[in-house]
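A.B. asks: Quick one: structure below, then a few questions.
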Ligand SMILES: Nc1nc2c(c(=O)[nH]1)N[C@H]1C(S)=C(S)[C@@H](COP(=O)(O)OP(=O)(O)OC[C@H]3O[C@@H](n4cnc5c(=O)[nH]c(N)nc54)[C@H](O)[C@@H]3O)O[C@H]1N2
Ligand SMILES: Nc1nc2c(c(=O)[nH]1)N[C@H]1C(S)=C(S)[C@@H](COP(=O)(O)OP(=O)(O)OC[C@H]3O[C@@H](n4cnc5c(=O)[nH]c(N)nc54)[C@H](O)[C@@H]3O)O[C@H]1N2
Ligand SMILES: [Mo]
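Numbering (full-length UniProt numbering), first residue to last: 1 to 770.
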């Protein structure tokens with residue numbers, strides 16, 4: 001049998017910190033400890049003045065968009081002192097650090113030395129301060145001029161047998177301006193190989209919502225959330241990953257909303273919240289958020305939703321017209337009869353078994369929804385990263401359609417986005433499967449014929465590099481190696497390339513696992529001041545609710561040798577395409593207003609872009625589902641029929657979900673504590689149910705190895721500490737990215753090709769070597 005083990009620099013070193021401390025999970029999120037934690041992270045990275053200057057600008061109407069999550073800012077009043085959260089402060093501290101990596105750092109530290117560090121240690125080194133180059137066979141990165149760097153990349157790109165042998169990845173922090181230019185360059189160069197982090201994130205939401213509602217984005221505004229009667233939150237941990245959402249939930253509660261949370265873990269922020277930005281919060285008056293917590297089994301959501309639908313149907317049949325919104329269903333939907341026929345066949349007990357929720361609690365959830373008409377459903381990675389993710393999200397839509405809860409105030413879909421501009425990057429055309437409409441528009445505006453063949457998404461890009469079908473890998477941000485599944489396979493894929501290039505703010509493991517040659521191009525982050533031709537520039541971003549806003553950094557960049565992402569793309573395009581190009585790249589570098597003028601010509605919804613985006617608070621993009629129109633193949637909102645499947649497990653097998661701790665942003669590890677879950681100073685942990693620990697002959701604090709076996713390949717990660725936790729039996733949790741080596745490349749969601757990072761089947765073995 002093939003074996004993929006992890007004693008390889010593509011992984012975090014397999015050792016413990018030796019300082020682990022466990023306490024009871026917290027019952028209340030935020031409050032004063034959150035404020036203290038923000039201050040600690042800021043002061044660790046920079047002096048007080050730089051720190052305050054940065055924080056006072058976060059998410060202000062004339063400031064910069066928080067480099068953390070994509071949660072929207074209030075349209076009206078923003079807290080004058082700080083419209084940010086603890087984890088936003090950590091994101092700013094991490095980015096705006098005054099530590100920098102110059103030539104002497106790279107001369108002193110070999111690539112192998114750096115790869116032997118943990119992700120936490122690598123990230124704390126500081127900002128990359130000038131372009132660096134790793135020659136074939138070299139052990140150290142060395143300085144390179146920008147011109148030489150662009151020449152080397154251009155040469156390699158132009159030497160490929162076909163443009164389809166190059167891959168251009170994007171992470172989700174890239175601004176609209178940079179993203180638009182990047183996809184334009186890539187398409188003029190000749191390929192649609194534009195994988196992005198969305199492929200691993202909300203792709204399943206995009207596919208499900210496009211099929212059912214005709215738009216791959218959520219439909220609600222922040223105001224809808226405030227006005228909802230019921231909010232269901234599935235597979236999301238807002239207390240950690242979208243802390244400002246708690247303020248919106250608190251406001252909704254004050255207006256009378258009921259909140260139902262569906263999660264295998266009793267996540268702290270979902271249960272109770274102390275708002276540190278209000279007087280009540282400071283005086284410790286907590287807001288109780290969740291009214292009903294359903295501790296579902298991993299991937300039990302579809303069964304739960306169908307069980308609720310069955311109870312609603314039974315009541316509707318007893319009292320016709322009291323539960324379902326027939327007016328809405330008749331005029332706006334398609335597939336109702338088939339869907340109801342399917343629900344009628346369902347067995348409540350079987351569904352309850354499949355999701356692990358008692359009949360009593362399912363009944364409570366159904367009665368909370370029964371006579372309500374304004375429902376918002378929020379979800380994130382707990383729904384999207386499963387084999388049946390697309391169908392599960394369609395099941396969420398089914399429920400909203402039955403209740404007429406779409407296209408009206410206080411109701412709708414709320415897939416809560418991850419990276420701060422991941423939604424905007426898609427709007428700008430970062431997509432391996434571009435629409436014909438976009439390509440035709442590019443052709444008519446620029447006069448070149450963009451390639452029509454669809455490109456590689458993230459999983460297919462890894463396969464192509466693994467199989468030597470691609471030779472140049474270029475990343476606009478992100479940490480491809482550590483964020484993707486099957487780390488050992490991805491590492492080999494990157495090593496197969498002739499050249500790997502990373503446009504980055506901070507050092508990460510993707511710089512250390514590289515192609516035959518490698519280049520790091522250092523760039524501005526959100527908080528950096530961007531001057532071009534003596535004029536201060538701003539960029540724009542789209543948040544989770546489709547609001548376009550400007551973002552203007554105000555901190556002096558750590559080094560004079562950084563270039564902005566838009567300028568990097570323009571200079572790369574000039575170096576690569578030369579006279580072949582029909583695009584005036586010089587013009588775009590002079591002032592970003594010129595980029596926005598052309599975005600307006602190509603992308604729908606951006607009319608008067610330069611004027612409207614200068615209005616404080618920006619503007620909303622059109623959203624057909626919000627307006628109650630459904631641009632689907634049927635012209636209506638579509639019900640979907642799907643069958644529940646239950647993961648079969650042998651006696652010694654478990655389901656494992658890979659989740660985020662409170663001290664990380666994806667692969668950037670801010671610190672080693674997961675404060676809300678009561679786990680301190682150690683990330684190599686596996687959360688298990690106490691009965692499972694006992695049945696497996698283990699004890700808390702035992703050291704175990706985790707093994708996945710998929711399609712005849714064994715994947716192993718060593719040395720994880722067993723932690724007893726409130727989680728359903730047969731369900732376990734580890735942190736991303738330490739456990740990514742266990743996620744099989746071929747284990748993906750149907751239709752969206754998203755890796756199934758929330759359900760990996762594992763075995764747990766006691767470690768032999770301690
Ligand atoms: N501070 C901080 N903020 C972030 C990020 C970060 O890393 N740190 N990442 C950003 C990004 S890119 C994203 S996509 C979002 C991620 O935001 P989340 O989706 O909240 O992140 P995860 O930690 O992956 O958490 C998934 C949640 O789903 C639950 N879950 C897992 N499997 C299931 C399941 O089968 N069913 C149900 N109902 N629940 C399940 C887990 O217990 C966990 O609470 O956050 C964004 N914001
Ligand atoms: N097992 C498992 N795997 C997962 C997930 C999971 O839940 N479980 N979640 C998935 C999800 S939801 C996502 S979104 C992906 C994330 O995948 P990525 O977006 O690729 O990863 P990040 O860790 O967010 O990238 C961090 C790096 O981005 C660079 N960076 C930061 N800011 C900027 C900037 O402004 N410009 C540029 N050019 N670079 C910048 C820094 O160098 C930093 O090291 O991971 C996915 N992988
Ligand atoms: Mo994400």
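We put the CB at the ideal spot given by N, CA and C, even for glycine.
For clarity, every value in this text was computed on a predicted model and none was experimentally measured.
Within the same chain, show all residues whose beta-carbon is closer than 7 Å to that of residue 541, passing over the 5 residues directly before and after it, in chain order.
C.D. replies: To locate residue 541, count along the chain shown from 1; it is residue 541. So the list reads 65, 175, 176, 420, 421, 424, 549 and 551, once near-sequence residues are dropped.
A.B. asks: Run through DSSP, which three-state label would residue 619 get?
C.D. replies: In the chain shown, residue 619 corresponds to position 619, counting from 1. Strand.
A.B. asks: Identify whether residue 81 lies in helix, strand or coil by the three-state DSSP scheme.
C.D. replies: In the chain shown, counting from the first residue as 1, residue 81 sits at position 81. Legend: pLDDT at residue 81 = 43, less than 50; position of this residue unreliable, no value from coordinates given.
A.B. asks: Taking 8 Å as the cut-off, is the C-beta of residue 477 nearer than that to any heavy atom in ligand 3?
C.D. replies: Your numbering for residue 477 matches position 477 in the chain shown. It does not: the Cβ of residue 477 is nowhere closer than 8 Å to a heavy atom of ligand 3.
A.B. asks: Would you call the stretch 560–570 in contact with the stretch 393–402, where contact means no fewer than 3 C-beta pairs closer than 8 Å?
C.D. replies: The stretch 560–570 vs the stretch 393–402: no contact.
A.B. asks: Hey, how far is the Cα of residue 385 from the Cα of residue 757?
C.D. replies: Locating residue 385 in the chain shown gives position 385, where the first residue counts as 1. Locating residue 757 in the chain shown gives position 757, where the first residue counts as 1. Spanning the two alpha carbons is a distance of roughly 5 Å.
A.B. asks: Considering residue 494, what are the terminal residues of the alpha helix (DSSP H) in which it resides?
C.D. replies: In the chain shown, residue 494 corresponds to position 494, counting from 1. For residue 494, the enclosing alpha helix (DSSP H) covers residues 487–495.
A.B. asks: Considering Cα atoms alone, identify which of 27, 137 and 67 is closest to residue 666.
C.D. replies: Position 666 of the chain shown, counted from the start, is the residue given in the question as residue 666. The residue with the shortest Cα to Cα distance from residue 666 is 67.
A.B. asks: Where does the unbroken alpha helix (DSSP H) through residue 355 begin, and where does it stop?
C.D. replies: The residue you call residue 355 lines up with position 355 of the chain shown. Looking at the DSSP string, the run of the alpha helix (DSSP H) that includes residue 355 is 348–355.
A.B. asks: For the stretch 432–465, which segments carrying the alpha helix (DSSP H) assignment without a break, of at least 4 residues, lie completely within its bounds, in sequence order?
C.D. replies: 436–446
A.B. asks: Would you say the beta carbon of residue 751 is closer than 8 Å to some non-hydrogen atom of ligand 1?
C.D. replies: On the chain shown, residue 751 is found 751 positions in, with the first residue counted as 1. It does not: the Cβ of residue 751 is nowhere closer than 8 Å to a heavy atom of ligand 1.
A.B. asks: Buried or exposed: where does residue 649 fall if 16 or more other Cβ atoms within 10 Å of its Cβ makes it buried?
C.D. replies: As a first step, residue 649 is located in the chain shown; it is residue number 649 there, counting from the start. Classification for residue 649: exposed.
A.B. asks: What ranges does the beta strand (DSSP E) occupy inside the stretch 283–319, keeping only unbroken runs of at least 3 residues that lie completely in it?
C.D. replies: 292–294
A.B. asks: So for residue 8, helix, strand or coil by DSSP?
C.D. replies: Looking up residue 8 in the chain shown gives position 8. In the structure shown, residue 8 sits in coil (DSSP, three-state: anything other than H, G, I, E or B).
A.B. asks: Report the CB separation of residue 149 from residue 260 in whole angstroms; it is logged as a contact under 8 Å.
C.D. replies: As a working note, residue 149 is residue 149 in the chain shown. As a working note, residue 260 is residue 260 in the chain shown. Their Cβ separation, rounded to whole angstroms, is 52 Å, which puts residue 149 and residue 260 out of contact at 8 Å.
A.B. asks: Using DSSP's beta-bridge definition, name the partner residues of residue 173.
C.D. replies: Here residue 173 refers to the residue found at position 173 of the chain shown. Looking at the DSSP assignment, residue 173 forms no beta bridge with any residue, so it has no partner.
A.B. asks: Check whether the stretch 364–381 and the stretch 226–235 touch, using three or more Cβ-Cβ pairs below 8 Å as the test.
C.D. replies: yes
A.B. asks: Would you mind listing the alpha helix (DSSP H) stretches within the stretch 549–582 that are 4+ residues and don't spill past its ends, in chain order?
C.D. replies: Segments of the alpha helix (DSSP H) lying fully in the stretch 549–582: 565–577.
A.B. asks: Buried or exposed for residue 699, going by 16 or more other Cβ atoms inside 10 Å?
C.D. replies: What you label residue 699 is simply residue 699 of the chain shown in a count that begins at 1. The residue in question, residue 699, is exposed, as its Cβ has fewer than 16 Cβ neighbours within 10 Å.
A.B. asks: Who are the Cβ neighbours of residue 455 in its own chain at under 7 Å, not counting the five residues just before and after it?
C.D. replies: Along the chain shown, one-based indexing puts residue 455 at 455. Excluding positions up to five away in sequence, the list reads 191, 192, 193, 194 and 432.
A.B. asks: Where the beta carbon is closer than 5 Å to any heavy atom of ligand 3, which residues qualify, in chain order?
C.D. replies: 201 and 418
A.B. asks: Residue 565: beta carbon under 8 Å from a heavy atom of ligand 2?
C.D. replies: Your numbering for residue 565 matches position 565 in the chain shown. Residue 565 Cβ: within cutoff of ligand 2.
A.B. asks: Taking only the alpha-carbon atoms, compute the straight-line gap between residue 597 and residue 610 and give it to the nearest angstrom.
C.D. replies: Position 597 of the chain shown, counting from 1, holds the residue named residue 597. Position 610 of the chain shown, counting from 1, holds the residue named residue 610. Computed Cα separation, rounded: 7 Å.
A.B. asks: Taking the alpha helix (DSSP H) that residue 742 belongs to, which residues open and close that run?
C.D. replies: Your numbering for residue 742 matches position 742 in the chain shown. No alpha helix (DSSP H) holds residue 742; DSSP gives it neither H nor E.
A.B. asks: If you run the structure through DSSP and keep just helix, strand and coil, what is residue 649?
C.D. replies: Reading the chain shown from its first residue, position 649 is the one you call residue 649. Correct three-state label for residue 649: coil.
A.B. asks: Identify which residue in 152, 749, 697 and 119 has its Cα closest to the Cα of residue 389.
C.D. replies: Taking the first residue of the chain shown as position 1, residue 389 is located at position 389. Here the closest residue by C-alpha is 749.
A.B. asks: Under 9 Å, do residue 427 and residue 603 count as touching if we go by C-beta distance?
C.D. replies: Against the chain shown, residue 427 aligns to sequence position 427. Against the chain shown, residue 603 aligns to sequence position 603. Contact: yes.
A.B. asks: Is it buried or exposed for residue 637, if we count other Cβ within 10 angstroms and need 16 for buried?
C.D. replies: By one-based count along the chain shown, residue 637 stands at place 637. By the neighbour-count rule (16 or more Cβ atoms within 10 Å), residue 637 is buried.
A.B. asks: Please list, in chain order, all residues of the same chain as residue 496 whose beta carbon is under 6 Å from its beta carbon, the five residues on each side excluded.
C.D. replies: The residue given as residue 496 occupies position 496 in the chain shown. Within the same chain, residue 496 has close Cβ partners 465 and 468.
A.B. asks: In chain order, what residues of the same chain lie with their CB nearer than 6 Å to the CB of residue 303, ignoring the 5 residues before and after it?
C.D. replies: Within the chain shown, residue 303 is the residue found at index 303, counting from 1. The answer, listed in chain order, is 351, 354, 355 and 644.
A.B. asks: If we require 3 or more residues per run, which beta strand (DSSP E) segments fall completely within the stretch 643–712?
C.D. replies: As far as the stretch 643–712 is concerned, its whole beta strand (DSSP E) runs of at least 3 residues are 653–659, 685–688 and 703–710.
A.B. asks: Exposed or buried, what is residue 646 when buried is set at 16 or more other beta-carbons lying within 10 Å of its beta-carbon?
C.D. replies: Here the question's residue 646 lines up with position 646 in the chain shown. Flag for residue 646 reads exposed.
A.B. asks: Using beta carbons (cut-off 9 Å, strictly below), is residue 685 in contact with chain B?
C.D. replies: Checking the listed chains, one finds no chain B in this structure; it contains a single protein chain.
A.B. asks: State the DSSP-derived secondary structure class of residue 197, mapped to helix, strand or coil.
C.D. replies: What you label residue 197 is simply residue 197 of the chain shown in a count that begins at 1. Helix, per DSSP.
A.B. asks: Taking 8 Å as the cut-off, is the CB of residue 518 close to at least one heavy atom of ligand 2?
C.D. replies: One-based indexing of the chain shown puts residue 518 at position 518. The answer is no for residue 518.
A.B. asks: Report the rounded CA-to-CA distance for residue 674 versus residue 523, giving the unit in angstroms.
C.D. replies: In the chain shown, the residue the question calls residue 674 occupies position 674. In the chain shown, the residue the question calls residue 523 occupies position 523. Taking the straight line joining both Cα atoms gives about 30 Å.
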